[in-house]
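Okay, so here's the structure we're looking at.
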Amino acid sequence: VDLGIVRNVEFDDDQFNITITPTYSGCPAFSFMKEEIICHLETEGITNYQIDTALAPPWTTDWMSDEVKSKLKEAGIAPPSQEVACPQCDSQNVQVISEFGSTACKALYKCNDCIEIFHHFKQI
């Protein structure tokens, strides 16, 4: 929910209908996130549900909660923003190493002040 992928939740005719949107087309974590939703539902004893995927409108980083952005920073990943800052020292004296990090949604940066290498979650 904090990532903003849950678009809609309805309860109709004794069934939960949940609509989710992937962060990126082909996101490798999307199936994991869907399984996490299913696990949470079933842990709460909810067995009658349907999960649909909506691709339009496309997901945007604007849908991420401030809490998720803080958690990204705590994990050493610069959250999405116009000005990239090092998650370790908050310096904006950074340089792009690669437009693509470990996943398509992240870029790899280096801080020129603390010399830390870090990922930046791309703003879209």
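Here our numbering = 1-based position in the sequence shown + 6. Yeah, the Cβ is synthetic: ideal placement off N, Cα and C, and Gly gets one too.
{"Query": "Beta-carbon gap between K112 and I103 smaller than 7 angstroms", "Result": "no"}
{"Query": "Selection from I123, E80, D20 that minimises the alpha carbon distance to T53", "Result": "D20"}
{"Query": "Distance between beta carbons of Y30 and T81, contact taken as under 8 angstroms", "Result": "First, the residue type needs correcting, since residue 81 is Ala and not Thr in the sequence shown. Not really, about 19 angstroms apart at Cβ, beyond 8 angstroms."}
{"Query": "Inter-residue spacing [alpha-carbon to alpha-carbon] between E16 and E41", "Result": "19 angstroms"}
{"Query": "Whole-angstrom distance between P64 and G51, CA atom to CA atom", "Result": "31 angstroms"}
{"Query": "Length-filtered (3 minimum) beta strand (DSSP E) runs lying within the stretch 75 to 111", "Result": "100 to 104"}
{"Query": "Residues that T66 bridges to, as DSSP identifies them", "Result": "According to DSSP, T66 bridges with nothing at all."}
{"Query": "Proximity below 7 angstroms, CB of V90 to CB of V74", "Result": "no"}
{"Query": "Euclidean distance between Cα positions of Q98 and H126", "Result": "12 angstroms"}
{"Query": "Separation of V7 from I43, as counted between CA atoms", "Result": "9 angstroms"}
{"Query": "Proximity below 7 angstroms, CB of D58 to CB of T27", "Result": "no"}
{"Query": "Sheet register partners of D18 (DSSP bridge)", "Result": "Q21"}
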